[in-house]
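Sequential numbering from 122 applies to the sequence shown in the working numbering.
First the structure, in the form of structure tokens, and then the observations on it.
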Amino acid sequence: MAALLRHRGPDAHGLATIQGAAFGAERLRVIDTTPAADQPFTALDGNVLLVMNGAIYNAPELRRRYAAFPFRSRSDVEPVLPLYLERGHEGLADLDGMFAIAIYDARTHELVLARDRAGEKPLFYTSVGEEVWFASEVQALLTGAPQRGSLNKAAMLDFLTLGYISEPETMFRHIRRVQAGTALVIDETGRRIFRYWDCDAVARETVPTSGAMERLERLLRRAVDKQLTADVPVGVFSSGGIDSALLTALAVRSVGANRIQTFGVGFSQRPFDESRHARRLADLLQVRHVTLEVDESSLAESLHTVVAQVAEPMADPATLPTYLLARAARDYVKVVLSGEGADELFGGYPTYLGHRAARLYQRLPISMRSTLRKAANALPVSLEAKVPLEYLLRRFVACAEEDLSERHIHWFGTGLTTDMFQGELDAQYRQPPFPEFGDDMNRAMLFDFRTYLRDNLLAKVDRATMLNSLESRAPYLDQAVVRFALAIPSSLKIRRTTTKWLLKQVAGRWLPRSIVHRKKRGLSVPIAQWLNGGLAREVDRLLHTDRIEGRGLLHGRKVQQLVLEHRCGRANHSRAIWALLMLEYWIERWITED
Numbered sequence: 122m123a124a125l126l127r128h129r130g131p132d133a134h135g136l137a138t139i140q141g142a143a144f145g146a147e148r149l150r151v152i153d154t155t156p157a158a159d160q161p162f163t164a165l166d167g168n169v170l171l172v173m174n175g176a177i178y179n180a181p182e183l184r185r186r187y188a189a190f191p192f193r194s195r196s197d198v199e200p201v202l203p204l205y206l207e208r209g210h211e212g213l214a215d216l217d218g219m220f221a222i223a224i225y226d227a228r229t230h231e232l233v234l235a236r237d238r239a240g241e242k243p244l245f246y247t248s249v250g251e252e253v254w255f256a257s258e259v260q261a262l263l264t265g266a267p268q269r270g271s272l273n274k275a276a277m278l279d280f281l282t283l284g285y286i287s288e289p290e291t292m293f294r295h296i297r298r299v300q301a302g303t304a305l306v307i308d309e310t311g312r313r314i315f316r317y318w319d320c321d322a323v324a325r326e327t328v329p330t331s332g333a334m335e336r337l338e339r340l341l342r343r344a345v346d347k348q349l350t351a352d353v354p355v356g357v358f359s360s361g362g363i364d365s366a367l368l369t370a371l372a373v374r375s376v377g378a379n380r381i382q383t384f385g386v387g388f389s390q391r392p393f394d395e396s397r398h399a400r401r402l403a404d405l406l407q408v409r410h411v412t413l414e415v416d417e418s419s420l421a422e423s424l425h426t427v428v429a430q431v432a433e434p435m436a437d438p439a440t441l442p443t444y445l446l447a448r449a450a451r452d453y454v455k456v457v458l459s460g461e462g463a464d465e466l467f468g469g470y471p472t473y474l475g476h477r478a479a480r481l482y483q484r485l486p487i488s489m490r491s492t493l494r495k496a497a498n499a500l501p502v503s504l505e506a507k508v509p510l511e512y513l514l515r516r517f518v519a520c521a522e523e524d525l526s527e528r529h530i531h532w533f534g535t536g537l538t539t540d541m542f543q544g545e546l547d548a549q550y551r552q553p554p555f556p557e558f559g560d561d562m563n564r565a566m567l568f569d570f571r572t573y574l575r576d577n578l579l580a581k582v583d584r585a586t587m588l589n590s591l592e593s594r595a596p597y598l599d600q601a602v603v604r605f606a607l608a609i610p611s612s613l614k615i616r617r618t619t620t621k622w623l624l625k626q627v628a629g630r631w632l633p634r635s636i637v638h639r640k641k642r643g644l645s646v647p648i649a650q651w652l653n654g655g656l657a658r659e660v661d662r663l664l665h666t667d668r669i670e671g672r673g674l675l676h677g678r679k680v681q682q683l684v685l686e687h688r689c690g691r692a693n694h695s696r697a698i699w700a701l702l703m704l705e706y707w708i709e710r711w712i713t714e715d
């Protein structure tokens with residue numbers, strides 16, 4: 122099992138056993154790079170075992186609190202031991218960081234499996250006979266276990282409609298995820314979930330809005346300072362957009378330009394290329410910058426690597442350039458800061474503006490709405506643009522009359538509908554619950570925070586970076602920043618047509634207006650063209666009608682109709698076809714037919 126996770130920590134390999142438990146750890150040495158900090162850690166004459174993936178940012182405070190504890194290292198992980206010895210699993214609430222933690226207490230025969238609040242670090246578990254197995258990635262749980270072939274159809278429906286799988290499910294029926302902000306506690310009496318943090322409860326809180334700009338800036342500066350802590354070089358993933366630009370500026374303020382290096386992606390297709398913006402930011406802040414040029418050949422290489430090594434289907438095409446960028450960055454640094462969480466916390470997606478437009482659209486006469494629908498659907502289809510206007514308009518009119526939750530999920534989803542599913546699968550599908558409190562904007566943002574961010578974006582970044590032995594940290598997901606952002610009103614996040622209003626006010630103190638107010642683009646891949654070009658043979662092979670029908674899961678003819686419409690330019694079905702393609706790759710690689 123440990124050998125299958127060596128890419129996550131190639132610097133040291135540890136194993137510890139006590140009666141009833143065996144723990145393995147693959148370590149990436151970031152803080153205290155000496156062997157003294159290698160895991161597992163033990164306490165009380167070996168009666169308590171600890172392994173952890175991630176980083177504890179308040180480790181210095183915990184060391185001061187437990188100054189009498191016989192620490193063997195300067196590790197940020199080791200202070201979790203005295204905290205557990207004093208407070209048990211309830212002490213998790215005192216941790217500030219990103220982590221997946223396993224603790225076994227031989228005195229009580231209790232196993233604790235816990236994840237951080239936002240879900241930055243993954244943790245999977247399963248039962249094998251009377252044993253409990255756990256690991257940071259699914260493939261470590263498949264060797265020698267009976268899970269192969271056990272497809273979780275409910276998770277498959279999630280994946281095909283949303284593009285990701287909602288926790289605690291996985292694509293394997295007998296493998297589950299520990300939920301973010303919780304600990305799974307297992308002892309001889311059974312299993313129970315201890316929730317030490319609840320984003321919904323935090324979102325119900327209220328905070329004073331006076332001085333919000335100064336408070337947010339103070340919180341972000343503190344978050345960046347904490348997450349720069351490392352005994353190895355640290356860099357920043359940079360697109361030149363506001364999120365990464367602000368992180369870079371604050372990092373330079375904290376440690377100086379000579380200690381920060383930025384990394385960005387360049388595409389040969391100009392609509393997808395953001396490299397000039399990242400280089401301009403690097404010149405402005407006087408930091409070293411590396412641009413990775415990505416083409417169809419390198420994307421194909423990363424596709425084969427991800428499919429072969431990640432036992433989860435990844436429907437976000439940005440996984441591929443993120444993997445390549447991480448591989449390039451690993452030649453220079455061991456840790457990178459990235460901007461995940463800013464859009465969900467501060468209202469960065471154009472979708473949120475779409476909800477406001479939908480309310481206006483719903484007030485129009487039926488005849489006018491019908492005319493607008495026909496006009497949008499008559500627009501010529503573009504497969505070359507990064508985010509084609511006609512594509513946005515078609516998706517808008519298709520869902521604008523639905524209620525908030527249905528509309529939002531459809532806009533963010535793959536475009537596949539449940540009528541694609543064979544048999545009773547469509548009746549089994551249950552969408553993730555939508556928040557029932559707050560105004561529409563904050564409800565949508567909270568939904569994205571607890572689903573799209575956690576189950577898609579953070580999973581993508583973790584797998585892509587850790588495949589290259591690179592640790593990614595997200596300062597916007599610092600617990601104090603998250604608590605503040607979830608509790609402030611949406612009027613501080615979106616004003617008129619300006620998204621991320623408050624964050625832009627803060628960024629304006631550090632960056633020029635041209636960067637702060639540049640149109641949001643995001644890391645996108647030209648998959649619409651790729652599916653009709655270099656990947657066309659794979660699309661034909663994996664999505665052949667007979668192959669799809671033979672699985673008994675989807676209607677092969679409807680899948681083929683999507684492919685044909687995309688091929689002839691009648692519609693842009695790239696998101697749907699990509700999700701189907703990733704599902705078929707996953708089944709081919711990871712499922713053994715019964």
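Positions of the beta carbon are idealized from the N, C-alpha and C atoms, including for glycine.
Among the bridge pairs identified by DSSP, E231 is matched with D226.
The beta-bridge partner set that DSSP reports for I381 consists of V355. Burial state of R238 is buried, judged by a 10 Å Cβ sphere holding 16 or more other Cβ atoms. By the CB criterion at 7 Å, T303 and R312 fall outside the cutoff. Within its own chain, the residues whose Cβ lies closer than 8 Å to the Cβ of T472, once the five positions on either side in sequence are excluded, are H529, W532, F533, A565, listed in chain order.
Counting only the Cα atoms, T154 lies some 15 Å from F192. Exposure of H425 is indicated by the presence of fewer than 16 other C-beta atoms within 10 angstroms of its C-beta. Taking 7 Å as the cut-off, the beta carbon of N653 is found no closer than this to the beta carbon of V502.
Look at the region 461 to 536 and you find these whole runs of alpha helix (DSSP H), each 4 residues long or longer: 463 to 467, 471 to 483, 487 to 499, 510 to 520, 525 to 533. Residue pairing by DSSP places M173 opposite I222 in a beta bridge.
For the beta strand (DSSP E) assignment, the uninterrupted runs of no fewer than 3 residues enclosed by the region 391 to 454 are, from N- to C-terminal side, 409 to 415. Shown here, S375 sits in a helix according to DSSP, grouped into three states. Membership of H687 in the alpha helix (DSSP H) is indicated by the continuous run 677 to 688. Judged by beta-carbon spacing, D583 lies within the 7 Å limit of P243, meaning their Cβ atoms are closer than that value. Collapsing the DSSP output to three states places T138 in a strand.
Ranking D561, R515, P509 by CA distance to the CA of D524 puts D561 first. Two segments are said to touch when three or more pairs of C-beta atoms, one from each, lie closer than 8 Å; by this definition the region 474 to 490 does not touch the region 622 to 629. Cβ-Cβ separation between I177 and V151: approximately 11 Å, too far for a contact (criterion under 8 Å).
For E252, the enclosing beta strand (DSSP E) has its first and last residue at 252 to 256. A distance of 7 Å or more separates the beta carbons of A447 and L402. For L234, the closest of R516, R228, R148, W254 by C-alpha to C-alpha distance is W254. The Cβ-Cβ distance between L368 and P633 does not fall below 7 Å. When beta bridges are read from the DSSP output, G145 appears opposite L136. F144 and V249 have their alpha carbons spaced roughly 16 Å apart. Counting C-beta pairs closer than 8 Å gives fewer than three between the region 172 to 186 and the region 370 to 387, which falls short of the contact rule.
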